[in-house]
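Asker:
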Amino acid sequence: MIEVRKLIKRFGMKTVLRGVDFDVQPGEFVALLGPNGAGKTTFLRILASLSHPSLGEIRVAGYRLPNEAAAVRARLGVVSHLPLLYGDLTAEENLLFFGRMYGVTKLENRISEVLEMVGLSARRHDLVRTFSRGMQQRLAIGRAVLHDPDVILFDEPYTGLDQDASSMLDDVLKSVAAQGRTVVMTSHDLVRAEDLATRFDILSRGIIAASATRKELSKSNLLSFYKEALAG
Amino acid sequence: MFLQDAPPDTSSYMIAGYVVFFLVTAIYLFSFFVRSHNLKQDLNALENMKEESAPPPAREETKAAAPKPKAKSTASKAKSKPRQAKKKVTKK
Amino acid sequence: MVTKSARLSKSVTERSTSPNLFKATLAIAWKDLTAEYRSRELFSAMLVFSLLVILIFNFALELDIKTRQSVTSGVIWVTFAFAGTLGLNRSMAVEKDRGCLDGLLLAPVDRAAIYFGKVISNLAFMLIVEIVVLPVYSFLYSINLFNPGLLAVILLGSIGYIAVGTLLASMAVQTRTRDVLLPILLFPVAIPVLIAAVKASGGFLNGDEFSMILPWINLLIVYDIIFVAIAFMVFDYVVEE
Amino acid sequence: MQPKSTTLKILDIVSVLLLAVSTYLALIYAPEEATMGQVQRVFYFHIATAWVGMLGFLAAAVAGIVYLRAQNPKWDIVEVAAVEISLVFFFITIVLGSIWARPVWNTWWTWDPRLTTAAITELIYIAYFMLREGIEDPDRRARFGAVYTLVGSLSVPITFFSIRLFRTIHPVVIGSADPSATGTFDMTGGMQVAFFFALFAFTVIFIDLFWNRIRMGNLAAKVEQLKLKVMH
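Protein chains in written order, with numbering that gives the first Met the number 0: chain A, 0 to 231; chain B, 0 to 91; chain C, 0 to 240; chain D, 0 to 231.
(1) Which residues in chain C sit within 8 Å of Met134(A), going by Cβ to Cβ distance?
(2) Just to confirm, are Gly36(A) and Val3(A) a CB contact at a threshold of 8 Å?
(3) Which of helix, strand or coil does DSSP assign to Glu32(C)?
(4) Taking the continuous alpha helix (DSSP H) assigned at Arg97(C), which residues delimit it?
(5) Which residue marks the beginning of the alpha helix (DSSP H) containing Arg68(D), and which one marks its end?
(6) Can you give me the start and stop residues for the beta strand (DSSP E) that Asp200(A) sits inside?
(7) Identify which residue in Leu218(C), Ala162(C), Leu105(C) has its Cα closest to the Cα of Met232(C).
(8) Under 8 Å, Cβ to Cβ, is there at least one residue of chain B near Thr34(D)?
(9) Closer than 8 Å by beta-carbon distance: list the chain A residues that pair up with Pro134(C), in chain order.
(10) Let me know if Lys105(A) comes out buried or exposed under the rule of 16 or more other beta-carbons within 10 Å of its beta-carbon.
(11) Hey, could you find the ends of the alpha helix (DSSP H) Ser210(C) is sitting in?
(12) Run through DSSP, which three-state label would Leu126(A) get?
(13) Please give the ranges of any alpha helix (DSSP H) in the region 146-215 of chain C, keeping only runs that are unbroken, at least 4 residues long and fully inside the region.
(14) Measure the C-alpha to C-alpha separation of Ala292(C) and Val118(C) and round it to an integer number of angstroms.
(15) If you reduce the DSSP assignment to three classes, tell me which class Gly144(D) lands in.
(16) Just the C-alpha distance for Leu221(A) and Thr197(A), rounded to the nearest angstrom, thanks.
(17) Provide the residue span of the alpha helix (DSSP H) that contains Ile134(D), from first to last.
(18) Just to confirm the assignment, what range does the beta strand (DSSP E) spanning Tyr62(A) have?
(19) Closest to Phe97(A) by CA distance: which of Gly141(A), Val71(A), Glu115(A) is it?
(20) How about Thr9(B) and Pro30(D): are their beta carbons less than 8 Å apart?
(21) Could you list which residues in chain C have their beta carbon closer than 8 Å to that of Phe165(D), in chain order?
(22) Across which residues does DSSP place Leu229(A) in a beta bridge pair?
(23) Strictly under 8 Å for the Cβ-Cβ distance: is Arg101(D) near chain B by that measure?
(24) Arg9(A) bridges to which residues according to DSSP?
(25) Looking at the C-beta of Ala69(D), does it have a partner C-beta in chain C at a distance below 8 Å?
(26) For Pro191(C), return the contacting residues in chain D, with the cut-off set at a CB-CB distance below 8 Å.
(27) Please report the straight-line C-alpha distance between Thr158(D) and Ile224(C), rounded to a whole angstrom.
(28) Since Gly164(C) and Leu185(C) are thought to touch, with beta carbons under 8 Å apart, how far apart are those beta carbons, to the nearest angstrom?
(29) Counting C-beta neighbours from all protein chains within 10 Å, is the total for Val15(D) 16 or more, i.e. buried, or is it exposed?
(30) Please decide whether Phe10(A) counts as near chain D, where near means a Cβ-Cβ distance under 8 Å.
(31) In chain order, what residues of the same chain have a beta carbon less than 8 Å from the beta carbon of Arg99(A), not counting five sequence neighbours either side?
(32) Does Met129(D) come within less than 8 Å of chain C when only Cβ atoms are used?
(33) Where Thr34(D) and Val51(D) are concerned, what is the direct C-alpha to C-alpha distance, given to the nearest angstrom?
(34) Cβ closer than 9 Å: which chain C residues qualify as neighbours of Tyr147(D)?
(35) Are the region 106-116 of chain A and the region 142-150 of chain A touching by the rule of at least three beta carbon pairs closer than 8 Å?
(36) Quick check on Leu225(D) - is its C-beta less than 8 Å from some C-beta in chain B?
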């Protein structure tokens, strides 16, 4: 579903990604972990076709980036720590807008379905400005799945969420994963990542330092695996 | 202006014109040399620093955790970016 | 809390088709206008600003009736230019600050749709301000501003100004100095529009015959076409990373 | 940084010589103009610097277009070099123009098409440098610079026509001479020699400056790269 070969990204002279190889099969839920500045967000932005790679081969949902970007974007949903929603529009209007931008057919009941899924049907006609951080994040997930994408990218979705908002977000993430979509999530929160993801990749100093599936990890816990990879 | 037969004496303006030309050109060339001089200085300073921080025989960047050069860059005026000589447009 | 969502098999929701340029442009324009209708923050700022500028001109150019006649087109166009800059800055800043620009870039739609969507909404804001300012101006100075030629010139001039302004605003908003930079970038490039618009508006106000005004209108049209085309071609480079 | 190539050294010397010769021609060799007197001699350098300025802005626009297509930083350096040199030359053109205007039209400044367009062009490219100063990321700075030179260089001709349409009193020496404009004069043999020689000399001087400035741009890029490598 996602194939990345020798991805290099330079900002001016600074090389942020030094040759990343990354493969994700359909339906996998990969947690991408790593310290700040390791290039997690940059990597995700390249996968999301928001940033051009300097060098390297990338295929998402079967299409090459950056040439077939439009095709990739139609099959890709992105949730970042910024909600990417318009505060002056109601929940429904936000979904209406993004639905039109993605050319979603039968938009009306698709919106009801999605609002139902993220538990915001009651707040359908309220301005997003009045939503709590947690509710905005769930609506953002609603927006990300509106056009029924094959791949969803989460960039630090738990940032700034309190306890119960995070647990609500867990349920939504579980239901998204349950729909057989492929998910890549970057996060600082090892605990959350541990019970959600099926595979853990560690990105440090611009390359994938280590990768292990949930089964391989059964012996040692995620924290020691994480520390080991960083030390390496 | 056209009364006298000899052409009007406007040489003072001519002199002013050419003075302006040579002055502005000189200023630009001067700023040009200052900038390239500084750059050359930065270059040498950085190249020495590179020698100091990576003395092992292998010339290219070795994976060994070479000690990070703690010394602040010693280049005399290591400007982060060469200041563009700003052209002040002084219109009379 | 989250009801067990029905298993959304892929067949239920047909594969979404990427929308054509036109639909996406309208969607963006609709979004901007609805959001602005809700908050009205941009529109009120532009309106109050314009009225203040007219007030200042009134005292600055304290003139008798006759000269005021010729200065009108200059005053209204300076007012529109400044209000337009204010509007352009705000509308692009709103997009950038909440990261919503990424939201637009994620849509499987040509970047030109974003540009045209923004041009339409910015143009709409400017026209609304103009529609309010003109009657106020004609009320204050008892000059009849309702001749069709003048309104056509105002439309043409605004299109050119906004077409270049939107492109430059999307660049200015991504720099450190932000809204200070937009006027500096925009005014020297927008001079042909301002000259042509002022002369053409003046021509219509003084009732010169059409052949005198035509060259200015042609110039406006040429300017609009060239800069919409250029902005359309280079907009990708301004928003893409 | 390899030392200055010999051809460049030769070009430097040739430029200085050409400047000296064209100064001699303009100040001494060319006959004195009957109606305006000595100030007319400013004309040779006024037109030569204007010609070089326009040449530079054109080169910058072309470099901008090439950069946008190829995203190769080399063209960005060429563009900055061209704009910088043209800014200096165009500034001189404007000042010489107004010095010449003082005795002939007895005002320092006249709002006629060429002088005004020159001033506006100068403002456009000062805005160009202010735009570049406001951006950190080198790639974005280069892209925005290229876009603005394109927009700027397109607006110059239109600005010129709109002002000419506005009104014109600038003497047209070559091409469609407008007899009514005061200050026109016919170029006798001697003047033509000085005139065309100045044009040729300044073109060579421009190329020399341009080449040197590009070398300096490359040097600056190299220092920047080394700085990043050593500092990390």
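From the three backbone atoms N, C-alpha and C, an ideal C-beta is built for every residue, glycine too.
Note that this is a predicted model, so its numbers are computed, not measured.
Answerer: The short version:
(1) In chain order: nothing, as chain C lies at least about 12 Å away.
(2) no
(3) Here residue 32(C) turns out to be Leu, not Glu, going by the sequence shown. Correct three-state label for Leu32(C): helix.
(4) Taken as a continuous stretch (DSSP letters only), Arg97(C) belongs to no alpha helix (DSSP H), as it is neither H nor E.
(5) 41-69 is the span of the alpha helix (DSSP H), which, as asked, contains Arg68(D).
(6) 198-203
(7) Ala162(C)
(8) yes
(9) None at all; the shortest Cβ gap to chain A is about 28 Å.
(10) exposed
(11) 209-238
(12) strand
(13) Taking only runs of at least 4 residues, the alpha helix (DSSP H) segments lying wholly in the region 146-215 of chain C are 147-171, 180-205.
(14) Outside the modelled stretch of chain C, which goes from 0 to 240, sits residue 292(C), for which no answer is possible.
(15) helix
(16) 12 Å
(17) Here Ile134(D) belongs to no alpha helix (DSSP H), and DSSP marks it neither H nor E.
(18) 62-64
(19) Gly141(A)
(20) no
(21) Ile194, Lys198
(22) Note: Leu229(A) sits in no beta bridge, so no partner.
(23) yes
(24) Under DSSP, the beta-bridge partners assigned to Arg9(A) are Thr14(A).
(25) no
(26) Ser154, Ile157, Thr158, Phe160, Ser161
(27) 15 Å
(28) 5 Å
(29) exposed
(30) yes
(31) Leu106
(32) Yes, contact with chain C.
(33) Looking at the two C-alpha atoms, the distance is approximately 28 Å.
(34) Those within 9 Å of Tyr147(D) in chain C are Leu167, Met170, Leu184, Val188.
(35) Yes: the two stretches touch, three or more of their Cβ pairs being nearer than 8 Å.
(36) yes
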